[in-house]
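**Student:** The structure's right below; bear with me while I get my questions together.
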Amino acid sequence: MDYRFSEKMSSIQSSATVMLAEKARALKDAGEAIIDLTIGEPDFPTPQNIVEAAHAATKKGQTKYTNSRGTPELRKAISKKLDKDQDLKYDPNTEIIVTPGGKQGVMYSILSFINPGDEVICLEPCWVGYESCIQLAGGTYVGVPTVPENGYALDEETLRKKISRNSRMLFINSPCNPTGKVLTNEEIAVIAKVCVEKNLILVSDDIYEKILFDGRRFTSIAGLPGMFERTIILNGFSKAYSMTGWRLAYLAASKNIIDQMNKLQQLSATCPSSVSQAAGLEALSGDQASVETMRQAYEKRRDKVFAGFNNSKISCFKAEGAFYGFLDIRKLNMNSVAASEYLLEKAKIVGVPGSAFGNAGEGFVRISFATSDDSLNRAIEKIKEL
Ligand code: PLP
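Position in the sequence shown (from 1) plus 33 gives the number in the numbering used here.
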C-alpha cells in the first residue's frame, strides 16, 4: 500500500545508536557472544533509595496525572539544585519544566524556536539526537568541527564562520557525547559572547554534568552576562542517577520559553510519569553518595580505555567527562562504518561509527564504557589483537 507518509517523516533517520543497540541485543538473544559497547546506559542499578521512593509513591496512590510542568515538589528540588550547584535562580513555578526524558527536552527546545530555514549550530563531533530533531522542525543543522589534535578545543574563528543571518540556536554539550571533551571556562566565555552578539538561543545540554574526571568542575553558561534569558538548561536523571528507563529530565529557562514548551508537553505527554517524578525527587534530595561512587568507577574505566589504546595503532582522546571512548581509527585506512562492521564481524564488539556524530566524527568509533569491567577488559584486548 502507498501510505504517503508525511514529508517530515521522510526527512529524518532512525537513531543510529538506538538501532545499533537493538541489533546488538538481537544478536545476544540469538546466542552470539556479543560485547555491546553501543549505548550510553549506565550498567549500575538505579540506587536503592530512589527505587524505594518510587515504591512508596506508588503505594500512596501517586499514580495519576500530575501538573503538566511536573510536581511542584520536584520543580522545587530542581530549583534548589541549580541554586546550590551553580548559584542560578530559577523560579520553580514558572521557569522549570520536568520532561519524559532529555530527548523530549531537545525536541521541545527545537520546536519552540526553529522555523523552516533557520540554522542550528552544533559543535562537532556531537550527539546524534540533535540533527534529526532539527530536520523535523525544518531547520538546517550546521556543524562546527573540532579535532582531537588540540583536545577538541573550540576555535572562535571557525565558529564565527559558521554563523549566518539564518542562525537561530546553538547547542553545547559538556561533557560531550561522544568525545568526552569538557568546555573550558574560556571556551564558554567565547560561546556566550558570540550568542549575545548574534542573538542566538543557547541550549546547554548538561546531562553528563556529574560525570567529570581529574577534579574538573562544571560551570554553567547560564550564569554569564546576557545569557540567563537566552539559555535553555537541559539536564536529566538518566546518566547521573542511572535512571535511563524512568524517562525523566528537565528544562530550566525564562518564563516565556517554559510557557511555550509546556504547550508541547501538554499535547504530547500531558505530564511526565508520576512515579518517576517521585523517584526523581528522592534522587535530587536524598543521599548523593552513589553518584560519586559511579563517577569514580567511570573514571577508572576511562583510565583503562585510555591506557589500553594509547600506544596502539588506534588511539583515544583522554575523556575529561561522560563515559565514552572515541577511538581514532584513521590509521586503519577504513571509514568508521567499515571499521565498526569489521569489529562486529571479527571480534563481536558493537561500537558506533563516528560518522553518526557529524562529519567531524568520521575516522572514529565510539565505545561506551558504561559497561562492566569484564566486558571492557575483553573488548580492549580483542580490539588490540585485531
Ligand atoms: N543528551 C545527550 C548528550 C545524551 O547523550 C542523551 C542520551 O544519550 C540525552 C541528551 C538524552 O537522555 P535521556 O533522554 O535518557 O534523558
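All C-beta atoms in this analysis are idealised placements derived from N, C-alpha and C, irrespective of residue type, glycine included.
1) Where in the segment 168-216 do unbroken runs of the alpha helix (DSSP H), each at least 4 residues long, occur, reported from the N-terminal end onward?
2) Let me check understanding here. Comparing Cα to Cα, which of 271, 219 and 406 lies closest to residue 238?
3) Which residues in the same chain have their Cβ closer than 6 angstroms to the Cβ of residue 394, if we skip the five residues on either side of it in sequence?
4) Starting from the C-beta of residue 54, find all residues in its chain whose C-beta is less than 6 angstroms away, skip the five residues before and the five after it, and write them out in chain order.
5) May I have all residues whose beta carbon comes closer than 6 angstroms to any heavy atom of the ligand PLP, sorted in chain order?
6) Within its chain, find whatever has a CB closer than 6 angstroms to the CB of residue 261; leave out the 5 residues flanking it on each side and keep chain order.
7) Evaluate the contact criterion for the segment 200-216 versus the segment 173-191: three or more CB pairs, one atom per stretch, below 8 angstroms.
8) Strictly by DSSP, which residues pair up with residue 360?
9) Just to confirm the assignment, what range does the beta strand (DSSP E) spanning residue 9 have?
10) Are the Cβ atoms of residue 267 and residue 284 separated by less than 8 angstroms?
11) Expressed to the nearest angstrom, what Euclidean distance is found between the alpha-carbon atoms of residue 120 and residue 62?
12) Which first and last residues belong to the beta strand (DSSP E) in which residue 161 is found?
13) Quick one, are the C-beta atoms of residue 241 and residue 355 less than 8 angstroms apart?
14) Below 8 angstroms on the Cβ atoms is my contact criterion, and I expect residue 382 with residue 68 to pass it. Report the Cβ-Cβ distance as a whole number of Å.
15) Quick one, are the C-beta atoms of residue 339 and residue 399 less than 8 angstroms apart?
16) To which residues of the same chain is residue 429 closer than 6 angstroms at the C-beta, ignoring the five residues directly before and after it?
17) Within the segment 216-284, note down every full alpha helix (DSSP H) run reaching 4 residues or more, in order along the chain.
18) Could I get the ranges of all uninterrupted alpha helix (DSSP H) runs contained in the segment 369-397, with 4 residues as the minimum, in chain order?
19) Less than 7 angstroms between C-beta atoms, sequence neighbours within five positions excluded: which residues of the same chain meet that for residue 249?
**Tutor:** In brief:
1) 189-194
2) When each option's Cα is compared against that of residue 238, the closest is 271.
3) 158, 387 and 388
4) 71 and 72
5) 73, 134, 135, 136, 160, 162, 206, 210, 238, 240, 269, 271, 277 and 282
6) 255
7) yes
8) 349 and 398
9) With the chain covering only 34 through 419, there is no way to say anything about residue 9.
10) Cβ atoms of residue 267 and residue 284: closer than 8 angstroms.
11) 47 angstroms
12) That residue, residue 161, is in no beta strand (DSSP E); it is neither H nor E in DSSP.
13) yes
14) 5 angstroms
15) no
16) It is not possible to answer for residue 429, since the shown part of the chain is limited to 34 through 419.
17) As far as the segment 216-284 is concerned, its whole alpha helix (DSSP H) runs of at least 4 residues are 218-231.
18) Listed in chain order, the complete alpha helix (DSSP H) runs (minimum 4 residues) inside the segment 369-397 are 369-380.
19) Result list for residue 249: 215, 353 and 354, in chain order.
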